[in-house]
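Enquirer: Residue numbers (my numbering): 842 to 970. Idealized CB from N, CA, C, for every residue including glycine.
Quick look at the structure:
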């Protein structure tokens, strides 16, 4: 059912898409310029299946944070690696190379916050050479 408010976003009302540089993943752009007029941030709900994740990449001039809702993951930011479980949040400083890999048998669900918004702009991502 579609929300009656332009400021209330329901997951079921937001179309999914496969993000660039990821495998086994579907994102839903919950907060963005296109749906609520957000100018300084973007919030996504990501679902990654077993074995899914992101290849090494960085976002020049953009910060990213991820809050893990379900499942477990292995993350690397620059040279620091750690495991994540539900309730954990991680931060990727601007232009920091990072990798995200699902380690649970169940899918991972996480909130991803970008500032400024990423909007899948190819100019806002850098991959290793």
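1. If you run the structure through DSSP and keep just helix, strand and coil, what is residue 847?
2. Would you mind giving the Cβ-Cβ distance between residue 871 and residue 849, rounded to the nearest angstrom? I have them listed as a contact below 8 Å.
3. Alpha carbon to alpha carbon, how far is residue 846 from residue 868? Give it in angstroms, no decimals.
4. Do you know how far the Cα of residue 851 is from the Cα of residue 895?
5. Does the stretch 906 to 916 come close enough to the stretch 960 to 967 to have 3 or more Cβ pairs within less than 8 Å?
6. Measuring alpha carbon to alpha carbon, tell me which residue in 957, 938, 902 is nearest residue 970.
7. Check each candidate in 911, 854, 879 and name the one with the smallest Cα separation from residue 958.
8. Helix, strand or coil: which one does DSSP assign to residue 852?
9. Run through the DSSP bridge pairs and tell me what residue 895 is partnered with.
10. Sorted by chain position, which residues of the same chain lie with C-beta nearer than 7 Å to residue 860's C-beta, five sequence neighbours on each side aside?
11. Where does residue 965 sit, in a helix, a strand or coil, going by DSSP?
12. Assuming residue 903 and residue 956 make a contact with CB atoms under 8 Å, what is their CB distance in whole Å?
13. Just the C-alpha distance for residue 923 and residue 864, rounded to the nearest angstrom, thanks.
Expert: From the atom records:
1. Against the chain shown, residue 847 aligns to sequence position 6. Three-state result, residue 847: coil.
2. What you label residue 871 is simply residue 30 of the chain shown in a count that begins at 1. What you label residue 849 is simply residue 8 of the chain shown in a count that begins at 1. Their Cβ separation, rounded to whole angstroms, is 11 Å, which puts residue 871 and residue 849 out of contact at 8 Å.
3. Here residue 868 refers to the residue found at position 27 of the chain shown. Here residue 846 refers to the residue found at position 5 of the chain shown. Cα to Cα, residue 868 sits roughly 22 Å from residue 846.
4. The residue labelled residue 895 in the question sits at position 54 within the chain shown. The residue labelled residue 851 in the question sits at position 10 within the chain shown. If I take the Cα positions, the gap works out to 25 Å.
5. The stretch 960 to 967 and the stretch 906 to 916 do not touch, with fewer than three beta-carbon pairs separated by less than 8 Å.
6. Residue mapping note: residue 970 aligns to position 129 of the chain shown, counting from 1. The shortest Cα separation from residue 970 among 957, 938, 902 belongs to 938.
7. Locating residue 958 in the chain shown gives position 117, counting from the first residue. When only C-alpha atoms are compared, the closest one is 879.
8. The sequence position of residue 852 within the chain shown is 11, counting from 1. Residue state, collapsed to three classes: helix.
9. For this step, residue 895 is matched to residue 54 along the chain shown. In the DSSP output, where bridge partners are listed per residue, residue 895 has 863, 941.
10. Against the chain shown, residue 860 aligns to sequence position 19. Around residue 860: 866, 868, 961.
11. Here residue 965 refers to the residue found at position 124 of the chain shown. The answer is helix: DSSP assigns residue 965 an H, G or I state.
12. Walking along the chain shown from the start, residue 903 turns up at place 62. Walking along the chain shown from the start, residue 956 turns up at place 115. For residue 903 against residue 956, the beta-carbon gap comes to about 7 Å, under 8 Å, which counts as contact.
13. By 1-based counting over the chain shown, the position of residue 923 is 82. By 1-based counting over the chain shown, the position of residue 864 is 23. So the two alpha carbons sit approximately 20 Å from each other.
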